[in-house]
Amino acid sequence: MFGRLLHATGQSRAAKTVEIYGWLIFAEGIFVFLFPEAVASRLCFAPLDHDGLIFLRLVGLLVAGIGMLYFVSGRMNAEGLVFATLLDRPLVPPIMAGLWHSGKVSGLLALVFAAQVLGSFLWTLGTWRGDIRRE
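First residue of the sequence shown? That's 607 in this note's numbering, and the numbers climb one at a time after it.
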């Protein structure tokens with residue numbers, strides 16, 4: 607099992623896209639965990655107290671955990687998770703639009719996050735359809 611983590615043999619192209627997306631999300635989560643003050647100021651948050659920074663670090667840890675789930679599943683060629691990501695990622699842009707409309711997140715944050723998720727969804731969908739045609 608651990609050997610497949612080191613050498614991805616038989617990995618589909620769609621699983622590779624999920625792995626790469628997972629590495630990106632993992633890196634973003636680690637960055638938020640390690641540098642919460644910089645992230646908060648870049649996102650134009652009000653100054654955070656100690657508890658706010660702890661909660662932002664916790665968010666970073668959770669995001670990194672989701673990224674790890676994605677990249678390990680992609681590396682292990684978990685086709686079920688690849689399909690599941692095709693079901694959940696299209697939900698993110700409308701949710702971000704709703705959060706922006708209600709004033710919960712800034713427009714720039716909602717746009718960047720929605721574009722990242724939508725782009726990765728379209729990439730995975732295209733490669734997944736290509737993998738199906740090759741079978």
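We put the beta carbon where it would ideally sit given N, CA and C, even for glycine.
Need the endpoints of the alpha helix (DSSP H) that T615 sits in, please.
Note, T615: premise wrong, no alpha helix (DSSP H); not H, not E.
Start and end residues, alpha helix (DSSP H) containing P696
No alpha helix (DSSP H) holds P696; DSSP gives it neither H nor E.
Give me the Cα-Cα distance between S712 and G704, rounded to the nearest whole angstrom.
11 Å
Buried/exposed call for A644, threshold 16 Cβ in 10 Å
exposed
Any idea what DSSP makes of V711, helix, strand or coil?
coil
Buried or exposed for L664, please, with buried defined as at least 16 other CB atoms from any protein chain shown within 10 angstroms of its CB.
So L664 ends up on the exposed side.
Identify, in the order they occur along the chain, each residue of the same chain with its Cβ nearer than 8 Å to the Cβ of A720, setting aside the five sequence neighbours on each side.
V698, P699, M702, A703
Buried or exposed for I631, please, with buried defined as at least 16 other CB atoms from any protein chain shown within 10 angstroms of its CB.
buried
How about T733 and T691: are their beta carbons less than 9 Å apart?
no
Cβ contact (3+ pairs, closer than 8 Å) linking the segment 620–630 and the segment 650–668
no
Check whether the Cβ atoms of G666 and F639 sit closer than 9 Å, and answer yes or no.
yes
Alpha carbon to alpha carbon, how far is A621 from E685? Give it in angstroms, no decimals.
7 Å
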